[in-house]
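**Student:** Quick one: structure below, then a few questions.
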Amino acid sequence: MSWMVWTLPTAIFFSSIAAMLAGMTVWEIYSPTVERKGFLPISTTRGDRLFVSLLSAAFIHLGVVGFTSLSILVASAISVLWLLVLMRWG
Amino acid sequence: MNNKVYNNRAWLLVLPMLVLVAFSAIIPLMTVVNYSVQDVLGPHASFFTGTEWFRTMLNDPALQTAFGRQILFSLTILAIQIPLGIGIALIMPKQGWQASAVLILITLPLLIPWNVVGSIWQIFTRGDIGLMGWSLREIGIEYNITRNAGDAWFTIILMDVWHWTPLVAMLCYSGLRSIPEAYYQAARIDRASKWAVFRYIQLPKLTNVLVIAVLLRFMHSFMIYAEPFVLTGGGPGSSTTFLSQSLATMAIGQQDLGPSAAFSIIYFLVILLVSWVFYTTIMHMQKDKTPQGGA
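Protein chains in written order, with our numbering: chain A, 965 to 1054; chain B, 11 to 305.
Here's what the structure looks like:
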């Protein structure tokens, strides 16, 4: 595995993605998702909303890192908030 | 309403594919992410750099210009190829041997490997031995793709139109063929003009294939590499250097693994976003299909 040059932050990143996917699977088994229409222009399932929030989180991080001098934690905080909003009302 | 019991064990059948994709795509992609936050000098010498590469890449003027150039290129070829493809599909013969002959002729450019297309056009546009370059020179037009950025752009766009419009035309042709004759009969009874038939029958029926055509053409033109690389090598200067060529120069030419990993991720995210938007649009259109879908 040394060729993959793991670092602690990236390991945490991928573990949390894996944990999210596992969590979504368990959630799906216990209460299957119902497609609904929120404030997004399309009707979405739970998985769609997670995908949208992860993709937007990526762009939020790029924006903060690339074009502001704010800490990356600010981007992460905004992303978590956005994820919660999206999962609830998206 | 929906009392179907889903048997999720079928997912196990996807497992071999998942293993394969993990091996060929997911694990390499994770490695790229790891590289993007480090300065990797060798197998046991790497330094953690955090988000520095991302900041450098996003603020690199050369890459920003290449990105703008890339968008401009994709939009230009879409604006030409989509209407042209529809037009060609409309005038293609509908049946008989002519239909097959035209189909074969029109498909030929699609069968040529990409770097060969580049070579063909490279020779075709040369002033000394190329037919197009020579003819333009003989009638007194200053034309040189190695010296003049405008000529290089014009040639790359012309080459892409030549290479890929047939794909759009074929998709549209198949879309047009699937319109039932009854629609045209009804239009004739109403004495609809040719334009009205196109606007209210043919174009709405083409929406689905057009979305696919736009998606395919956008994706490919956004990742274009071989043709401009062979034709102009990105020049003159860097006037036709597109994103994938910048990436290849950085990763393979200069061995800047960290920055090029960061750049790949940004590139990947843009492509992922665009594909997702297109995919959602397609799926959405099919879901919300009303019997009298107007536009």
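Built from N, CA and C at the ideal position, the CB exists for glycine as well. Remember, it's a predicted structure, so these values are computed and weren't measured experimentally.
Along the chain, where does the alpha helix (DSSP H) containing G185(B) start, and where does it finish?
**Tutor:** That run of the alpha helix (DSSP H) goes 159-187.
**Student:** Residues of chain A with CB closer than 7 Å to the CB of V284(B), please, in chain order.
**Tutor:** The contacting residues do not exist; V284(B) stays about 11 Å from chain A at best.
**Student:** Indicate whether at least one CB of chain A lies closer than 9 Å to the CB of V24(B).
**Tutor:** No, its Cβ sits nowhere closer than 9 Å to a Cβ of chain A.
**Student:** In the DSSP assignment, what residue or residues form a beta bridge with S56(B)?
**Tutor:** Answer is V50(B), bridged to S56(B).
**Student:** Do I155(B) and M233(B) count as a contact pair if the criterion is CB distance below 9 Å?
**Tutor:** Cβ atoms of M233(B) and I155(B): not closer than 9 Å.
**Student:** Can you list, in chain order, the residues of its chain whose CB lies under 7 Å from that of M169(B), leaving out five sequence neighbours each side?
**Tutor:** Contacts found: V127, W131, E237, L241.
**Student:** Comparing the C-beta of Y45(B) with each C-beta of chain A, is any distance below 9 Å?
**Tutor:** Closer than 9 Å: yes.
**Student:** When burial is assigned at 16 or more other CB atoms within 10 Å of the CB, is W205(B) buried or exposed?
**Tutor:** Classification of W205(B): exposed, given that the 10 Å Cβ count is below 16.
**Student:** Using 10 angstroms around the beta-carbon of L23(B), count the other beta-carbons present and answer buried if the total reaches 16, otherwise exposed.
**Tutor:** By the 10 Å Cβ count, L23(B) comes out exposed.
**Student:** Does the distance from the CB of G292(B) to the CB of N218(B) come in under 9 Å?
**Tutor:** What sits at residue 292(B) in the sequence shown is Ile, not Gly. Yes. Within cutoff.
**Student:** Counting C-beta neighbours from all protein chains within 10 Å, is the total for T117(B) 16 or more, i.e. buried, or is it exposed?
**Tutor:** The residue is exposed, with fewer than 16 neighbouring Cβ atoms inside 10 Å.
**Student:** Return helix, strand or coil for T156(B), following the three-state DSSP convention.
**Tutor:** T156(B) falls in the coil class under three-state DSSP.
**Student:** Give the residues of chain A in contact with I276(B), contact being defined as C-beta atoms less than 7 Å apart.
**Tutor:** Correct list: L1026.
**Student:** So within the region 229-296 of chain B, which uninterrupted alpha helix (DSSP H) runs reach at least 4 residues, ignoring any that extend past its ends?
**Tutor:** Listed in chain order, the complete alpha helix (DSSP H) runs (minimum 4 residues) inside the region 229-296 of chain B are 236-241, 253-258.
**Student:** Please list the partners that F77(B) has in chain A, where partner means a Cβ-to-Cβ separation under 8 Å.
**Tutor:** Neighbours of F77(B) on chain A: none; closest Cβ ~12 Å, over 8 Å.
**Student:** For S1043(A), which residues from the same chain have a beta carbon less than 8 Å from its beta carbon, with the 5 sequence-adjacent residues on both sides left out?
**Tutor:** Taken in chain order, the residues that qualify are S1017, S1020, A1021, I1024, H1025.
**Student:** Considering N125(B), what are the terminal residues of the alpha helix (DSSP H) in which it resides?
**Tutor:** Its alpha helix (DSSP H) spans residues 124-134.
**Student:** Select from the region 144-155 of chain B all residues with a C-beta closer than 9 Å to any C-beta belonging to chain D, and list them in chain order.
**Tutor:** Structure shown: chain D not included; protein chains present are A and B.
**Student:** Does any residue of chain B have a CB that is nearer than 9 Å to the CB of S1055(A)?
**Tutor:** Summary: the structure shown does not reach residue 1055(A), with chain A confined to residues 965 through 1054, and so no result is reported for it.
**Student:** I'd like to know whether the C-beta atoms of S231(B) and F134(B) end up nearer to each other than 9 Å.
**Tutor:** Contact: no.
**Student:** Ordered along the chain, which non-local residues of its own chain (more than five positions away) have a Cβ less than 8 Å from that of W1046(A)?
**Tutor:** These residues qualify, in order along the chain: S1017, S1020, A1021, I1024.
**Student:** Assign T61(B) to one of three DSSP states: helix, strand, or coil.
**Tutor:** Of the three classes helix, strand and coil, the one that applies to T61(B) here is coil, per DSSP.
**Student:** Does chain B have any CB closer than 9 Å to the CB of W1046(A)?
**Tutor:** Taking Cβ atoms only, chain B never reaches closer than 9 Å to W1046(A), which makes this a no.
**Student:** Please classify R227(B): does DSSP put it in a helix, a strand, or coil?
**Tutor:** In the structure shown, R227(B) sits in a helix (DSSP, three-state: H, G or I).
**Student:** Restricting to Cα atoms, I'd like to know which of W21(B), A258(B), G95(B) is closest to L220(B).
**Tutor:** When each option's Cα is compared against that of L220(B), the closest is G95(B).
**Student:** Could you tell me whether the Cβ of S56(B) comes closer than 9 Å to any Cβ of chain A?
**Tutor:** Yes, S56(B) counts as interfacial toward chain A.
**Student:** For A272(B), count neighbouring Cβ atoms within 10 angstroms of its own Cβ and tell me buried if that reaches 16, exposed if not.
**Tutor:** Flag for A272(B) reads buried.
**Student:** Quick check: the Cα distance between K332(B) and A982(A), rounded to an integer number of angstroms?
**Tutor:** It is not possible to answer for residue 332(B), since the shown part of chain B is limited to 11 through 305.
**Student:** Please look up how many angstroms separate the CB atoms of G137(B) and W144(B), rounded, as I've assumed it's under 8 Å.
**Tutor:** The pair is a contact, with the Cβ atoms about 6 Å apart (cut-off 8 Å).
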